[in-house]
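J.: Just so we're aligned, residue 273 is where the first sequence starts under this note's numbering, counting upward by one.
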Amino acid sequence: MVCRPGHENDPVEKMRHSAAHILADAVTRLYPDAKPTIGPVIENGFYYDFDYPPGFSEDDLEKIEAEMKKIIKENQKFERIDMSRDDALKMFKENGETYKLEILQSIPEGEDITFYKHGEFVDLCKGPHANYTKQVKAIKLLSVAGAYWRGDENNAMLQRIYGTAFASKEDLANYLEQLEEAKKRDHRKLGKELEIFTFDDEVGPGLPLWLPNGGAMIDALEELAKKTERKAGYHRVRTPHITKETMYYTSGHLPYYEESMYPAMELEGIKYYLKPMNCPHHHKIFAAKARSYRDLPVRLAEYGTCYRYEKSGELFGLMRVRSMQMNDAHIYCTLDQFQDEFLAVCRMYQSYFKLFGIQKYQMRLSTHSKEGLGKKYVDQPELWIKTEDMVRNALKAGDIPFVEVENEAAFYGPKIDVQIWSAIGREFTLATNQVDFAVPERFGLSFKNSKNEDEVPLCIHRAPLSTHERLIGFLIEHYAGAFPLWLAPVQAKVLSVSEDQHERALAVQKQLTDAGYRVEADLRNEKLGLKIREAQLMKVPYMLIVGKKDAEANLVGVRHRKDGDLGSLAVPDLLQKLTDEMKEFDIE
RNA sequence: GCCGACUUAGCUCAGCUGGCAGAGCAACUGACUUGUAAUCAGUAGGUCAUCGGUUCGAUUCCGAUAGUCGGCUCCA
């Protein structure tokens, strides 16, 4: 129907738009019962949704693609047809085109109503288009999927066909190859190959088991978080995994979140829930003693384990799970302290992202919507506007680039979401930083201000390192499994050349282990080439070769997974080299 | 949860239209004693996801359940 805003003059965009029309033409030629509904251009391609209850199969895609190629060959001209709104309304009503009618009615009054026609196929459409179908050079239909009409799950389920089009066969081939390459760094594939995590049907969907390599990564990340948070004045707390129902009424979570909570377990007439978030517990810790304005800000941190009942179809490897450990903390502060605290949190995000070398991310200010007040969002319009302004101003003051998106806030306040993209292009919120102006009051939290009055603190929820699950899922893809030294589950592997070197190999392993490194030794009766190959495939940063040649001088052969053979070093020199490399891990 | 597809050995995958299930790698055993990406030989391993149905006979056809995948919805 329309090109993406701002791309109307892009020739590839126009061509994809035309390809969507050709797709709809091909489908209606082959399946006269299928009703075209809407078909926009998207990043890297296009789709078209059809109302066709029997559904399309993969085989149908081949047929449809063949028909599209036929239409392209016919070299039909794209023609613009202008029509009055009334005529269009009448036409859709007469033809029973209810979907098109609905689209037409959503076009603002005063805008031109235009159609585009090629051959026999006519579609309500804003344009622009290619001039002839032959200008659509290389097409490929990629997949079929169900999709709700207008993206609303209460509406009918339509059949969506995804496809793409490029200016040349080579461009298309390149794109398809790129997709294949992306699949190779998919964390689900690499996570299995690198023995980081696994799922077991008997444990349950969305409940990951961390293998020793994953466990090592979690330890490294927690060490990073704890060090950073200690320097930033946080205090570590610990809270239980289950909690009485009543607290979730106090917090207001039950009415909003019950659907995504595991159902309550009842014992001696009392209901307990698995905790879906840590905030209420931290609020209780804040409330555990009298607070003065002199104590604020109070920063409570915990790698809390939470459980959320995500719908089965929503699970996705490590990126979307049902049990998760969150890099959580809550900062209780005064209104005056808000900006500094909020910015400090943003700076912490940025320093982490710098450490990981994450370039492609987006800070997104998620605000409320008027319509959601009292339903999705607490019904305090003035406070929403005020806190959203506070966040906006803080970001501007800190010169932090962001985009703003309406109707994405938490129920208790606006938030900054940090958006990232997975290897296969799916978008996720990696980290989040939220302002809570509602829940502290519900918990009766207060501190004595300088006038000896009770005042409700603001609360900042923050999780810059996301959850272990989502962060590690993302990092696997980001590094394609080749983790930096500080994060690599096995940092070095000692490879013995022959059996008579085992003792020395074990001694080298011990020296490095004693120095704090994660080191394994491969003492098998195998050729060095095999041991190297296996260590390379596991993306171990350093391979340490212990053989007869270096025995006399007590050296080890050092091989780096990327730089190859680095020659021989004495162990103390090797340790110095590793220490230098680990300094990257020191973030200010 | 919804639409569609898939599920064969520890892993990666063959197995045309129903007729006793295959490979490579891994594992185990033995030989080889190894210097920068795969030494050789042998052995073992599967109620073909689960449960029902059709059939003389089902890994193959049909149905249900579970899990996974591509999307939609939702989300850290």
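For each residue, glycine too, the CB sits at the ideal point set by N, CA and C.
#1: Considering only C-alpha positions, which residue in the set Glu453, Leu607, Asn485, Lys547 is nearest to Tyr534?
#2: Hey, how far is the Cα of Glu775 from the Cα of Leu847?
#3: Rounding to the nearest angstrom, what Cα-Cα distance links Ile657 and Asp651 in this structure?
#4: Spatial neighbours of Tyr893 within its chain, please: C-beta separation below 7 Å, excluding the five flanking residues on both sides.
#5: If we ignore side chains and look at the alpha-carbon of each, how far apart do Lys398 and Gly435 end up?
#6: If Leu637 sits next to Phe674, beta carbons under 8 Å apart, how far is it from one beta carbon to the other, in whole angstroms?
#7: Quick one: what's Trp693 bridged to in DSSP?
#8: When the Cβ atoms of the segment 359-369 are set against those of the segment 292-306, are three or more pairs found closer than 8 Å?
#9: Counting pairs of beta carbons, one from the segment 280-298 and one from the segment 394-410, are three or more of them closer than 8 Å?
#10: If we count Cβ pairs, one from each stretch, closer than 8 Å, do we get three or more for the segment 377-391 versus the segment 349-359?
#11: Ignoring anything shorter than 3 residues or poking outside the segment 583-636, list the beta strand (DSSP E) runs there in chain order.
#12: Measure the CB-CB distance between Leu795 and Ile817 and report whether it falls below 9 Å.
#13: Quick one: what's Cys397 bridged to in DSSP?
#14: Below 9 Å between beta carbons: does that hold for Arg742 and Met596?
#15: If you compare alpha carbons, which of Cys618, Phe683, Ala735, Arg790 is closest to Leu757?
#16: Can you give me the Cβ contacts of Asn665 inside the same chain, cut-off strictly under 8 Å, excluding the 5 residues immediately before and after it?
#17: Rounded to a whole number of angstroms, what is the C-alpha to C-alpha distance between Gln622 and Val690?
#18: Pro326 by DSSP, collapsed to three states: which one?
#19: How big is the Cα-Cα spacing for Gly524 and Phe719?
#20: Taking a contact to mean a Cβ-Cβ separation below 9 Å, would you say Arg508 touches Ile748 in this structure?
#21: What residues in its chain sit with their C-beta under 6 Å from that of Arg563, if we drop five residues either side in the sequence?
#22: Can you list, in chain order, the residues of its chain with a C-beta nearer than 6 Å to that of Pro761? Leave out the 5 residues immediately preceding and following it.
#23: Could you compute how far the alpha carbon of Val416 sits from the alpha carbon of Met340?
T.: Quick answer:
#1: Distance check between Tyr534 and each of Glu453, Leu607, Asn485, Lys547 places Lys547 closest, using alpha-carbon atoms only.
#2: In this model, Glu775 and Leu847 are separated by some 19 Å (Cα to Cα).
#3: Between Ile657 and Asp651, the alpha-carbon positions lie close to 12 Å from each other.
#4: There is simply no residue 893 to check, as the chain begins at 273 and stops at 860 in what is shown.
#5: If you take the alpha carbons of Lys398 and Gly435, they lie about 20 Å apart.
#6: For a cut-off of 8 Å, the C-beta gap from Leu637 to Phe674 is around 5 Å, short enough to register as a contact.
#7: For Trp693, which the question treats as bridged, DSSP gives the partners Glu699.
#8: With a cut-off of 8 Å, the segment 292-306 and the segment 359-369 do not count as touching, because too few Cβ pairs lie within range.
#9: Between the segment 280-298 and the segment 394-410, the count of C-beta pairs closer than 8 Å reaches three or more; the two stretches touch.
#10: Taking 8 Å as the limit for Cβ pairs, the verdict is that the segment 349-359 does touch the segment 377-391.
#11: Here the runs fully enclosed are 595-605.
#12: Result no, Cβ atoms of Leu795 and Ile817 do not sit closer than 9 Å.
#13: Cys397 is not bridged to any residue.
#14: Yes; because the gap between Cβ atoms is below 9 Å, this pair is in contact.
#15: Comparing Cα positions, the closest option is Arg790.
#16: Counting only Cβ-Cβ distances below 8 Å, and skipping sequence neighbours, we find Gln611.
#17: Going from the Cα of Gln622 to the Cα of Val690 covers about 10 Å.
#18: Here Pro326 sits in coil by DSSP.
#19: Distance between Gly524 and Phe719, taken at the CA atoms: about 22 Å.
#20: No; because the gap between Cβ atoms is not below 9 Å, this pair is not in contact.
#21: Sequence-distant partners of Arg563 (beyond 5 residues in either direction) whose C-beta falls short of 6 Å from its own C-beta, in its chain, are Phe719.
#22: Sequence-distant partners of Pro761 (beyond 5 residues in either direction) whose C-beta falls short of 6 Å from its own C-beta, in its chain, are Asn485, Ala488, Met489.
#23: Approximately 16 Å between the Cα atoms of the pair.
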